[in-house]
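Student: Sharing a structure, written as structure tokens. Questions coming.
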Amino acid sequence: MARSVSLSAYLSLSRRRSGPARPAASLSDPQVGRPEGELIWAHATSETRAASLIQITARLRAQRPGLHLLLTLAPDLALPQQPRDFVIPVSPPEENPELVDVFLDRWRPDLCLWTGGQLRHALLDAAAGRKVPMFLIDADEGGFDAGRWRWLPDLSRGSLRHFDRILASTGNSANRLLKMGVPAGAITITGPLMEGCAALPCNEKARDRMARVLDGRPVWLAAMAQPGEVQMIQAAHRAALRSAHRRLLILVPDDPAEGDAFTQSLRNDGWRIAQWSRDEYPEETTQILVADTRGDMGLWYRLAPISFMASSLEPGHGGQDPFEPAGLGSAILYGPNVSRHMAAYTRLSSAGAARLVRDADTLAAAITLLTAPDQAAAMAHTAWEVATAGAEVTDRVMELIQDTLDLRAAS
């Protein structure tokens, strides 16, 4: 496809105004290179979009275990702390064709997902020249302000032609794109891209048996707990037992290998314990079930109407994904240290679907309050609504990625 006059002028100007070429820097490790296997390159223009892109990749890895995400960010965004190990955070290259070539030669992405707008014309033009499949998702109405380039009137129009498909967040966004010359057949109105959930699997036989064993007992879950949090969690449980003496705590270590240590420590403190990894089901007198196996979180979130998301009471861990319990009907409590999932907790908390606790006393008070079935049910329903909003958009993006990668693998 021939370049527009504006794009040609822009590229010429970019060559002249840039200094000596410097390779784009990695935000994680400057020695990191392209991993083997499939690589999605995604550009995020907001923290919410960055979180959504990471979550989409995590879900895709269930079918494509070797998949990695090369994540570039708009200049004003900071990388979410403690990113997942399959995420490679990289600064996008400056708009210099030489730097752009260095970037694309180094990473050789299998496809590009660009979010919102704020187009980088030299980068997108070079990627299109290398036949990288490109999709613009969550395109918003304000993402294509010509700003300083108004003297190049069709600059964005030329770059928009490079996208194989555009998913618009609203009807107004779609109309703006149509006015900029994007064919109607290339645009789909999907709604905004938001972080959400995919329901975790569950062993239904174990669920049915546990439901019979629990026989209506009040249950709360402390999910992915760190060793340094156990004292606060057990203090909260001891206080909460005063209002419901049959209450059971399901305690999930963040590292299942800590299960024996958790169990022994709690027994030394006088608790009556069952240990899931030893095939022990709780008895009527059991006070804490140490659930120290992998792959069973879908079971625990379904059984517990209240989930405290641990790895959040002490700094350094960044919290856990709250959309996992939200999508399975559990009210959510969390500590103050949730930097890895701040956008998700903000959404849930603003909707009244999650509550912040700071110590054993506030955790115990929240558990006691939510023991009332109507309180927990209302909070859990709101959490489910927030978690499932935008699921259609996420599914559509995942479908685009799967189809594109399958075609490239077959070619």
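Note that the numbering used here has the sequence shown beginning at 8, numbered continuously upward. Backbone N, C-alpha and C fix where the C-beta goes; we use that ideal spot for every residue, glycine too. The structure presented is a predicted model; accordingly, all values stated were derived computationally and were not measured.
1. Which residue comes first and which comes last in the alpha helix (DSSP H) that contains Tyr-352?
2. Any idea which residues DSSP pairs Arg-362 with across the strands?
3. Alpha carbons only, please: which of Phe-93, Cys-119, Ile-144 and Ala-49 is nearest the one belonging to Asp-402?
4. What are the boundary residues of the alpha helix (DSSP H) that Thr-300 is part of?
5. Rounding to the nearest angstrom, what Cα-Cα distance links Pro-343 and Val-364 in this structure?
6. Can you tell me whether Ala-206 is buried or exposed, with buried defined as 16 or more other CB within 10 angstroms of its CB?
7. Measure how close the beta-carbons of Ile-280 and Ile-257 come, nearest whole angstrom, since I'm counting them as under 8 Å.
8. Counting only the same chain and skipping the five closest in sequence on each side, list residues whose C-beta sits under 6 Å from that of Ala-181.
9. Which same chain residues end up closer than 6 Å to Leu-248 when comparing Cβ atoms and leaving out the 5 residues on each side of it in sequence?
10. I need the straight-line Cα distance from Pro-27 to Ser-98, nearest angstrom please.
11. Which partner residues of Ile-257 appear in the DSSP bridge assignment?
12. Between the C-alpha atoms of Pro-42 and His-75, what's the straight-line distance to the nearest angstrom?
13. Candidates Pro-116, Gly-123 and Asp-147: which alpha carbon is nearest Lys-138's?
14. Under the assumption that Gln-125 contacts Ala-57 (Cβ atoms under 8 Å), give the Cβ distance between them as a whole number of angstroms.
15. According to DSSP, is Ala-251 part of a helix, a strand, or is it coil?
16. If we count the other Cβ atoms within 10 Å of its Cβ and call it buried at 16 or more, is Gln-282 buried or exposed?
17. May I ask you to report which of helix, strand or coil DSSP gives Gly-154?
18. Roughly how many angstroms separate the alpha carbons of Thr-177 and Ala-146, rounded to a whole number?
19. Hey, is the segment 344-351 in contact with the segment 367-386, meaning 3+ C-beta pairs nearer than 8 Å?
20. If we count the other Cβ atoms within 10 Å of its Cβ and call it buried at 16 or more, is Ser-418 buried or exposed?
21. Between the alpha carbons of Ala-416 and Ser-272, how many angstroms are there, rounded?
22. Would you say the segment 237-247 touches the segment 324-331, given that touching needs at least three Cβ pairs under 8 Å?
23. Mapping DSSP to helix, strand and coil, what is Met-141?
Tutor: On the basis of the coordinates in this document:
1. 349-357
2. Leu-340
3. Ile-144
4. Where Thr-300 is concerned, there is no enclosing alpha helix (DSSP H), given that its DSSP letter is neither H nor E.
5. About 7 Å.
6. exposed
7. 12 Å between Cβ atoms; not a contact.
8. Ala-175, Ile-194 and Ile-196
9. Arg-254
10. Its pLDDT being 43, under 50, Pro-27 is placed unreliably in this model, and the coordinates cannot settle the point.
11. Leu-228 and Leu-296
12. 7 Å
13. When each option's Cα is compared against that of Lys-138, the closest is Pro-116.
14. Separation of the CB atoms of Gln-125 and Ala-57 is rounded to 13 Å, and the pair is thereby denied contact status at 8 Å.
15. Note: Ala-251 maps to coil in three-state DSSP.
16. buried
17. Any reading at Gly-154 must be qualified, since the residue scores a pLDDT of 49, below 50, and its modelled position is unreliable; the value itself is stated next. Three-state result, Gly-154: helix.
18. 8 Å
19. By the Cβ criterion, the segment 344-351 is not in contact with the segment 367-386, since fewer than three pairs of Cβ atoms, one from each stretch, lie closer than 8 Å.
20. So Ser-418 ends up on the exposed side.
21. 51 Å
22. These segments do not touch.
23. Under the three-state reduction of DSSP, Met-141 is assigned to strand.
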